[in-house]
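Residue numbers (UniProt numbering): 1 to 234.
Heads up, the beta-carbon is just placed ideally off N, CA and C, and yes, glycines get one too.
Notes for the one structure printed next.
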């Protein structure tokens, strides 16, 4: 229940127990570790690491929690890395948690982009949802994501994949649109201009999104791409 989740998210003893369980994943029962991570996922909307740090004399809980979850993100165990990705995606929605997470953003991006290439919808869905939320945070997050090797290409492949889930494709497309809002990302995105144009014309669900991406790219360009303004513009 939401009321219980809110209370648990403020209970430092409860959080400490779950963190310890995840930290001991090498020796702890796998099911208990899974339960601890999934509980963190449920608590994520109510977690405020800044408030927790202010309450505690030693400001170590947030660091331990994030580093424990990052170890789960790197794990080959499907249930662990999927839940870890979902947790991070939910946690970053709260602006108060940004200072705690952003120092780890390069490590987070690298692994989330790796998850995009794994077979199976679960890992891809969790990774896309997390990347979508991180891309909404600030300019630096968008610049870092665009420059992450394989990130743009794998987001495009998610959308082009046969039988892909509509909501996953929608968030992947919107993440690309967020990246296109930054002029510094233009050169990286222009490499996929032809693909974006094909999607704008052929994919009814996301054609508007890719038309906006093309407009962003053409409106920021002084090259021949500017000629496309008549098509993608107002």
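Label residue 80 either buried or exposed according to how many other C-beta atoms from any shown protein chain fall within 10 Å of its C-beta, with 16 as the threshold for buried. Taking the first residue of the chain shown as position 1, residue 80 is located at position 80. Residue 80 should be labelled buried.
Mapping the DSSP letters down to three states, classify residue 48 as helix, strand or coil. Indexing the chain shown from 1 puts residue 48 at position 48. DSSP places residue 48 in coil when its eight states are reduced to three.
What are the start and end residues of each continuous alpha helix (DSSP H) run of 4 or more residues lying completely inside the region 73 to 135, in chain order? 78 to 91, 98 to 101, 105 to 116 and 121 to 135
What separation, rounded to the nearest whole angstrom, lies between the Cα atoms of residue 189 and residue 144? Here the question's residue 189 lines up with position 189 in the chain shown. Here the question's residue 144 lines up with position 144 in the chain shown. Spanning the two alpha carbons is a distance of roughly 13 Å.
Closest to residue 216 by C-alpha separation, out of 209, 181, 194 and 196, would be which residue? On the chain shown, position 216 is the one that residue 216 refers to. With distances taken between Cα atoms, residue 216 lies closest to 181.
Just to confirm before moving on: does the CB-CB distance between residue 205 and residue 166 stay below 8 Å? Translated into the one-based positions of the chain shown, residue 205 becomes position 205. Translated into the one-based positions of the chain shown, residue 166 becomes position 166. Yes. Within cutoff.
If we call anything under 8 Å between Cβ atoms a contact, is residue 263 one with residue 61? Missing from the structure shown is residue 263; the chain here goes from 1 to 234 and no further.
Write down the C-beta distance between residue 176 and residue 130 rounded to the nearest angstrom, noting that I regard them as a contact closer than 8 Å. For this step, residue 176 is matched to residue 176 along the chain shown. For this step, residue 130 is matched to residue 130 along the chain shown. About 15 Å; that fails the 8 Å criterion.
Which first and last residues belong to the alpha helix (DSSP H) in which residue 142 is found? Here residue 142 refers to the residue found at position 142 when the chain shown is read from its first residue. Residues 139 to 147.
Does DSSP put residue 181 in a helix, a strand or coil? If you number the chain shown from 1, residue 181 lands on position 181. Coil, per DSSP.
According to the Cβ coordinates, are residue 171 and residue 128 closer than 8 Å? Numbered from its first residue, the chain shown carries residue 171 at position 171. Numbered from its first residue, the chain shown carries residue 128 at position 128. Taking 8 Å as the Cβ cut-off, residue 171 and residue 128 qualify as a contacting pair.
Secondary structure of residue 189, DSSP reduced to three states: By one-based count along the chain shown, residue 189 stands at place 189. Three-state result, residue 189: helix.
Please report the straight-line C-alpha distance between residue 102 and residue 70, rounded to a whole angstrom. As a position in the chain shown, residue 102 is number 102, starting the count at 1. As a position in the chain shown, residue 70 is number 70, starting the count at 1. The alpha-carbon atoms of residue 102 and residue 70 are separated by roughly 13 Å.
DSSP state of residue 150, grouped into three classes? Here residue 150 corresponds to residue number 150 of the chain shown, with the count starting at 1. Reduced to three states, the DSSP call for residue 150 is coil.
From this set, 41, 122, 83 and 160, which residue's C-alpha is nearest residue 8's C-alpha? Here residue 8 refers to the residue found at position 8 of the chain shown. When only C-alpha atoms are compared, the closest one is 41.
Excluding sequence positions up to five away, which residues of its chain have a Cβ less than 8 Å from the Cβ of residue 107? Sequence index remark: in the chain shown, residue 107 carries index 107 (1-based). Excluding residues within five positions, the ones whose Cβ falls inside 8 Å are 70.
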